[in-house]
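Trainee: For reference, the structure I am asking about is given below.
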Amino acid sequence: MKIMKAKILKLIYSLIFIFLVLYPNIYLAGKQAVNEIRGMDSLIDPDNPEVIKLAEYLKSNEINPEKYIYTHIKWASDYDVYWNLEYWATPEETIKNGRGDCEDRAILLKSVEEYLGIKS
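Numbered according to the numbering used here, the sequence shown spans residues 1 to 120.
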């Protein structure tokens, strides 16, 4: 019985260790769990002041939103930016960081396009 308890404890400690290595930012890990439940579309925010500011800049300078975002918002892994294996950033977070992964840039692009009335 003692051996079984010791093995179970080792397993639990190993799982906790693995979780903390993959998701050292526990707050964002919890936030991502909520995002996964709500879905990626819940992060699209065309009314965010930072999105509006970017969209108006692109509109006034006749700049293609997709080209601008994929040129100026550099690709970076979630682990490099947020210290988590997976995290869907809000458009504002992506703008402020100036980098993000594929999902982050897609969420930002969709937000800008919705504000500008571009169907995508």
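Note that the Cβ used here is the ideal one computed from N, Cα and C, for glycine as well.
Exposed or buried, which one is W75 when buried takes at least 16 other CB atoms within 10 Å?
Mentor: Locating residue 75 in the sequence shown gives position 75, where the first residue counts as 1. Looking at its Cβ environment, which holds fewer than 16 other Cβ atoms inside 10 Å, W75 is exposed.
Trainee: What did DSSP end up calling G30 once you bin it into helix, strand or coil?
Mentor: Residue mapping note: residue 30 aligns to position 30 of the sequence shown, counting from 1. Three-state DSSP puts G30 in a helix.
Trainee: Might you give, ordered along the chain, the residues of its own chain that have their beta carbon closer than 8 Å to the beta carbon of I44, omitting 5 neighbours on each side?
Mentor: In the sequence shown, residue 44 corresponds to position 44, counting from 1. Taken in chain order, the residues that qualify are P91, I107, K110, S111, E114.
Trainee: Among E103, Y79, G100, which residue has its Cα nearest to the Cα of P24?
Mentor: The residue you call residue 24 lines up with position 24 of the sequence shown. The residue with the shortest Cα to Cα distance from P24 is Y79.
Trainee: Measure the Cβ-Cβ separation of I26 and L20 and say whether it is below 9 Å.
Mentor: The count along the sequence shown starts at 1 and reaches residue 26 at position 26. The count along the sequence shown starts at 1 and reaches residue 20 at position 20. For I26 and L20, yes; Cβs fall inside 9 Å.
Trainee: Assuming Y57 and R105 are in contact, meaning their beta carbons sit under 8 Å apart, how far apart are those beta carbons, in whole angstroms?
Mentor: Residue numbering aside, residue 57 sits at position 57 when the sequence shown is read from its first letter. Residue numbering aside, residue 105 sits at position 105 when the sequence shown is read from its first letter. Not really, about 17 Å apart at Cβ, beyond 8 Å.
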